[in-house]
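The numbering of the sequence shown is the numbering used here, which starts it at 16 and goes up by one.
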Amino acid sequence: MVSSQASRFRMTRGRERWRTLSLLVARLRELLLVTAPASSWRELLGSDLPIIQAPMAGVQDHVLAVAVCEAGALGSLPAALMSPVVLEGALRKLSAGTSRPYNVNFFCHVPPRPDAERERNWRRLLLPYYKELGVDPEAASSGPARTPFSEEIADIVEPFRPRVVSFHFGLPSSELLGRVRKWGSMIISSATTVDEALWLEAHGVHAVIAQGFEAGGHRGMFLTNDVATQVGTFALLRQIVRAVECPVIATGGIADAEGVRAAMALGATAAQVGTAYLLCPESTTSTVHRAALSSEVARTTAITNVFSGRPARGIVNRLMRELGYLTDSAPSFPLAASALSPLRVAAEKAGSGDFSPMWCGQNATGCRELPAAVITRELAAGL
Ligand SMILES: Cc1cc2nc3c(=O)[nH]c(=O)nc-3n(C[C@H](O)[C@H](O)[C@H](O)COP(=O)(O)O)c2cc1C
């Protein structure tokens, strides 16, 4: 009797020990799962939230970035369309507007050699539109509107030492990249394939942005120009997370708390959100672009190269439909934009977005006319 009681007691104590041990292991796993990504996004971005407001050239300046930073996420300043003087002014206003970390973003394409014949053919193709809108074809400027990261730009950025510097279309030269690394910014860049992610990691980025096919704006693709084989955000994210050691940021089609939660559950260290901020009062999105984003037409987007010469996702409009989404006639990036700009100006004056690039991701459901702080808080509810 005594011995059976003793053996029951031993069994109960054994079970209790086992239970305590299991609880301990579960708690440890929980802690590891929760704190490992948290510490890595804080180390990487320095922000309270693992959310990045995607840099969006042409639709924002420092105002949106400041609002997002103050809401606890990482605001971004896109520099691709800014002259050095404008960039310096924007950096001054950004650093005066917030003491929190921010990101400054650059394109790093190799400027193409102008091709006179291609340019002539392009202008010939656009001639009927010039006539229709009563625009002088000679009024079109021919210089590239988008300049890549350079020594001159690095001189301007260096005194500000942004927490993060992000690149699109690969990376600048190793000398330039070395400068950014030396002044202490975290370096991140977009990858649209596993190969691009591996290449970026091998070239020393601190994190890779997995840019899925859903993403609005230019595809960051730089090792391939095959649009047909580009991969959706979550499929790409999983593959890149498995392939690289560095943190991975998910972007493309993430527009609400559930999207952020899903991205984090799939291994993202942070989520980068663009389209959902386009209707914020702090954005500089044009009237025609805002009207399109607020209507059902925003449901139909496509990848096109007609506006700049590089594939980018935008709301389908007349120019895309009539010239074809992807055309060999468009001059190389960014030269295609010059001949289009007077058409765009004239059409927009008449309230039409027929000739405007209205960049937008495949998921515009998060686009609402709400302050950026509110959008940021809503996204953060998914964490
Ligand atoms: C209007 C617009 C402009 C963009 N401009 C840039 C840019 O200047 N630099 C950049 O790295 N990415 C740019 N992107 C791409 C974003 O960084 C990001 O990949 C994209 O917004 C994510 O998809 P989502 O729009 O569905 O959130 C732009 C996107 C949009 C919508």
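Note that the Cβ used here is the ideal one computed from N, Cα and C, for glycine as well.
- Message: Using a Cβ-Cβ cutoff of less than 6 Å, which residues in the same chain neighbour G87 once the five nearest sequence positions on both sides are dropped?
- Response: D63, L64
- Item | Cβ neighbours of P177 in the same chain (closer than 7 Å, five flanking residues each side left out) | Y117, N118, V119, S200
- Message: Do A272 and A396 have their beta-carbon atoms positioned less than 8 Å apart in this structure?
- Response: yes
- Closer than 6 Å by C-beta to P70: which residues in its own chain qualify, once you throw out the five before and the five after it? Chain order, please. S91, P93, N120
- Task: Have a look at I168, A258, I264 and flag the residue whose alpha-carbon is nearest the alpha-carbon of R57.
- Result: I264
- Message: Let me see if you follow: with CB-CB separation under 8 Å, is R135 close to chain D or not?
- Response: Although the question refers to chain D, the structure presented lacks it and comprises just one protein chain.
- Message: Using the Cβ count rule (16 or more neighbours within 10 Å means buried), how would you classify A51?
- Response: Caution applies to A51, whose pLDDT of 40 falls short of 50 and renders its modelled position unreliable; the value that the coordinates give is listed next. When all chains shown are included, A51 counts as exposed.
- DSSP state of V81 mapped onto helix, strand, coil: helix
- Query: So what does DSSP say about I168, is it helix, strand or coil?
  - Reply: helix
- Tell me which same chain residues have a C-beta within less than 6 Å of the C-beta of E211, skipping the five on either side of it? L238
- Message: Quick check: V220 and S204, are their CB atoms within less than 8 Å of each other?
- Response: yes
- If you count every other CB in all the chains shown that lies within 10 Å of the CB of H124, and 16 or more means buried, which is it? buried
- Contacts around L215, its chain only, beta-carbon distance under 6 Å, and the 5 residues preceding and following it disregarded: S204, A206, V223
- Starting from the Cα of T248, find the closest Cα among V259, L192, I269, T284 and give me that residue. I269
- Among V179, I171, F175, L213, which has the Cα closest to the Cα of G185? L213
- Message: Rounding to the nearest angstrom, what Cα-Cα distance links N332 and F370 in this structure?
- Response: 7 Å
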